[in-house]
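Novice:
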Amino acid sequence: MDKINGLKISKLGFKPVLLGDFINHEGPIVSHFTDAENPHEHYVYKWVDCDDVCNRWLVAKTSEETISKFLFQQVSLFQIINQNEFVYLVDLDSDLDEKQILITKTSDLPNDYLPEADSYFDENQYEDYALQLKENILGTPNSIVLEHLLNEVLSLKRQQFETNHLLNLLIKQNKAAGSAQVLAEPESNYGTSKPQ
Numbered sequence: 048m049d050k051i052n053g054l055k056i057s058k059l060g061f062k063p064v065l066l067g068d069f070i071n072h073e074g075p076i077v078s079h080f081t082d083a084e085n086p087h088e089h090y091v092y093k094w095v096d097c098d099d100v101c102n103r104w105l106v107a108k109t110s111e112e113t114i115s116k117f118l119f120q121q122v123s124l125f126q127i128i129n130q131n132e133f134v135y136l137v138d139l140d141s142d143l144d145e146k147q148i149l150i151t152k153t154s155d156l157p158n159d160y161l162p163e164a165d166s167y168f169d170e171n172q173y174e175d176y177a178l179q180l181k182e183n184i185l186g187t188p189n190s191i192v193l194e195h196l197l198n199e200v201l202s203l204k205r206q207q208f209e210t211n212h213l214l215n216l217l218i219k220q221n222k223a224a225g226s227a228q229v230l231a232e233p234e235s236n237y238g239t240s241k242p243q
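Numbers in my numbering are just positions in the sequence shown, counted from 1, shifted up by 47.
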């Protein structure tokens, strides 16, 4: 296996729980994990190298939102990995025991450890787990589409509040306007809570 510059550590900074395989070819190639102690933290494992004893996995932290964007072809696997300044490289033997764990800068990875820049989700190449996950996201009220709509509404409310605030300042400063009426400023509650 390639010799990689990095910091050797004794254990991962999370407890991995396998959710499913995205790509499988005579064994897992790309898999989806979460942290047993913090299920909102997600990880992508990508097989990158092997020798006679171990398989090496690149482990990149991600989020539920980014996984959703990946399944809807808004980000690539390449982007998921490169969103991390540092990644884990984990060498596992045939019993899945960790023989070596490195933390390394993503920019120091060999090119052949990284997927292609256009490594977007393709239903024809991915396992049933990924297809089912995408279906579940589509059927969830808090899907990524709804999340984007809510963010847009909050952004519009913020812009309206800021515009009215600036107009009020201008009117107050303009003594020549005489009896100009001050616009009522809407209550600013954007960012305090999201609609359910």
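Think of the CB as a built atom: it goes at the ideal place given N, C-alpha and C, for glycine as much as any other residue.
Remember, it's a predicted structure, so these values are computed and weren't measured experimentally.
1) Helix, strand or coil: which one does DSSP assign to L161?
2) Based on Cα-Cα distance, which residue from Q126, L59, F117 and N221 lies nearest to T153?
3) From which residue to which residue does the alpha helix (DSSP H) around A107 run?
4) When you compare each of D142, F119 and Y92 to D68 by their alpha carbons, which one comes out closest?
5) Within 10 Å of its beta-carbon, does L213 have 16 or more other beta-carbons around it, so buried, or fewer, so exposed?
6) For I56, which residues of its own chain have a beta-carbon under 7 Å away from its beta-carbon, when the five flanking residues on both sides are left out?
7) Can you name the start and end residues of the alpha helix (DSSP H) that I51 belongs to?
8) For L124, which residues of its own chain have a beta-carbon under 6 Å away from its beta-carbon, when the five flanking residues on both sides are left out?
9) From Q243 to V64, what distance separates their C-alpha atoms?
10) Just verifying my parser: in three-state terms, what is the DSSP assignment at Q121?
11) In angstroms, rounded to a whole number, what distance separates the CA positions of N215 and F208?
12) Nearest by alpha-carbon distance to T109: which of Y135, N158 and K219 is it?
13) Since I believe D138 is in contact with R103 (beta carbons under 8 Å), could you give me their beta-carbon distance rounded to a whole number of angstroms?
Specialist: Once the coordinates are examined:
1) coil
2) Q126
3) No alpha helix (DSSP H) contains A107, which is instead part of the beta strand (DSSP E) from C101 to S110.
4) It is Y92.
5) Exposed, by the Cβ-count rule.
6) I148 and I150
7) Neither: I51 is in no alpha helix (DSSP H) and is coded neither H nor E.
8) P162 and S166
9) In this prediction, Q243 has a pLDDT of 49, which is less than 50 and means its spatial position is unreliable; what the coordinates show is noted afterwards. Cα to Cα, Q243 sits roughly 29 Å from V64.
10) Correct three-state label for Q121: coil.
11) 11 Å
12) Y135
13) 5 Å
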